[in-house]
Amino acid sequence: MYIYVGFNEVLGATCRKLKILYLQNNLINKLEHLNHLKELEYLNMALNNVSKIEGLQNCEHIHKLDFTANFVDVDHLEESMDNLTSRNMLRELYMMGNPSQAEWPNFQLYVVARLPQLHSLDGVEITKSMQIQARQQLPTLTVSALLHLQYAIYV
Numbered sequence: 001m002y003i004y005v006g007f008n009e010v011l012g013a014t015c016r017k018l019k020i021l022y023l024q025n026n027l028i029n030k031l032e033h034l035n036h037l038k039e040l041e042y043l044n045m046a047l048n049n050v051s052k053i054e055g056l057q058n059c060e061h062i063h064k065l066d067f068t069a070n071f072v073d074v075d076h077l078e079e080s081m082d083n084l085t086s087r088n089m090l091r092e093l094y095m096m097g098n099p100s101q102a103e104w105p106n107f108q109l110y111v112v113a114r115l116p117q118l119h120s121l122d123g124v125e126i127t128k129s130m131q132i133q134a135r136q137q138l139p140t141l142t143v144s145a146l147l148h149l150q151y152a153i154y155v
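Letter by letter, the sequence shown follows residues 1 to 155 of the numbering used here.
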């Protein structure tokens with residue numbers, strides 16, 4: 001007799017204390033079933049098909065996220081940052097190779113302004129002067145993101 005045990009059941013029942021999770025190089029479109037991983041510290045989602053960072057609201061101890069080479073575009077960047085602002089322990093974020101990072105020149109400043117808890121972005125240390133500059137430019141950066149999105153739609 002074969003009994004199917006889903007991914008959510010395995011994570012919820014047996015992996016509650018998991019600290020590191022490597023899910024890179026798969027065809028994952030959406031972050032799901034991480035709600036039981038309160039102690040997760042590092043999640044590697046590099047080389048997947050994720051278009052929006054979400055589903056980490058219960059990962060209270062997350063300090064390193066790797067979303068290298070996914071599909072997070074400017075149109076989902078604001079919501080993705082909204083979903084990460086409450087992750088107070090987040091220190092390292094990797095977004096290299098995402099459309100938002102590759103195509104929008106203000107990406108770095110925008111992320112630094114939205115996530116003041118970060119210490120590094122794409123392996124580059126975030127200095128105090130970068131944080132100050134990013135915070136000062138945040139209103140302009142938000143408008144710039146909207147204009148970039150509108151330009152991308154019409155081209």
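All C-beta atoms in this analysis are idealised placements derived from N, C-alpha and C, irrespective of residue type, glycine included.
* For lysine 64: DSSP bridge partner residues -> Position 64 of the sequence shown, counted from the start, is the residue given in the question as residue 64. Per DSSP, Tyr42, Glu92.
* **Where the alpha helix (DSSP H) containing leucine 21 begins and where it ends** => Numbered from its first residue, the sequence shown carries residue 21 at position 21. Leucine 21 -> not in any alpha helix (DSSP H); beta strand (DSSP E) instead, spanning 20-22.
* To do: Using three-state DSSP, classify glutamate 78 as helix, strand or coil.
  => Walking along the sequence shown from the start, residue 78 turns up at place 78. Three-state DSSP puts glutamate 78 in a helix.
* Asked: In the DSSP assignment, what residue or residues form a beta bridge with valine 72?
  -> Numbered from its first residue, the sequence shown carries residue 72 at position 72. DSSP lists no partner for valine 72.
* **Nonlocal neighbours in the same chain, by C-beta distance under 8 Å from arginine 16, ignoring five residues either side** => What you label residue 16 is simply residue 16 of the sequence shown in a count that begins at 1. Closer than 8 Å at Cβ, skipping near neighbours: His36, Leu37, Lys38, Glu39.
* isoleucine 53 beta carbon less than 9 Å from that of leucine 65 -> Along the sequence shown, read from residue 1 onward, the residue named residue 65 stands at position 65. Along the sequence shown, read from residue 1 onward, the residue named residue 53 stands at position 53. The answer is yes: Cβ separation under 9 Å.
* Cβ-Cβ distance between glutamine 133 and serine 86 below 9 Å -> For the purposes of this step, residue 133 is taken as the residue at position 133 of the sequence shown. For the purposes of this step, residue 86 is taken as the residue at position 86 of the sequence shown. No.
* Determine the closest residue to isoleucine 62 out of Phe71, Asn70, Asn44, with distance taken between C-alpha atoms. => Residue numbering aside, residue 62 sits at position 62 when the sequence shown is read from its first letter. Checked all of Phe71, Asn70, Asn44; the closest Cα to isoleucine 62 is Asn44.
* glutamate 103 by DSSP, collapsed to three states: which one? -> As a working note, residue 103 is residue 103 in the sequence shown. Glutamate 103 falls in the helix class under three-state DSSP.
* Asked: According to the Cβ coordinates, are leucine 109 and arginine 91 closer than 9 Å?
  -> Position 109 of the sequence shown, counting from 1, holds the residue named residue 109. Position 91 of the sequence shown, counting from 1, holds the residue named residue 91. Result no, Cβ atoms of leucine 109 and arginine 91 do not sit closer than 9 Å.
* To do: Provide the residue(s) that pair with valine 156 in DSSP beta bridges, ordered along the chain.
  => Outside the shown range of the chain (1 to 155) lies residue 156, about which nothing can therefore be said.
* What's the call for serine 120, buried or exposed, on a 16-neighbour Cβ count within 10 Å? -> Residue numbering aside, residue 120 sits at position 120 when the sequence shown is read from its first letter. It counts as exposed.
* Asked: In this structure, does DSSP put leucine 115 in helix, strand or coil?
  -> Residue 115 sits at position 115 when you count from the first residue of the sequence shown. It is coil, neither helix nor strand.
* Asked: Between the C-alpha atoms of methionine 96 and valine 50, what's the straight-line distance to the nearest angstrom?
  -> Locating residue 96 in the sequence shown gives position 96, where the first residue counts as 1. Locating residue 50 in the sequence shown gives position 50, where the first residue counts as 1. Rounded to whole angstroms, methionine 96 to valine 50 spans 13 Å at the Cα level.
* To do: Would you mind sorting serine 80 into buried or exposed? The rule is 16 or more other CB atoms within 10 Å of its CB.
  => As a working note, residue 80 is residue 80 in the sequence shown. Here serine 80 is buried, its C-beta having at least 16 other C-beta atoms within 10 Å.
* Asked: Could one say the Cβ of serine 120 lies closer than 9 Å to chain B's Cβ atoms, at least one of them?
  -> The chain inventory of the structure shown lacks chain B, comprising one protein chain alone.
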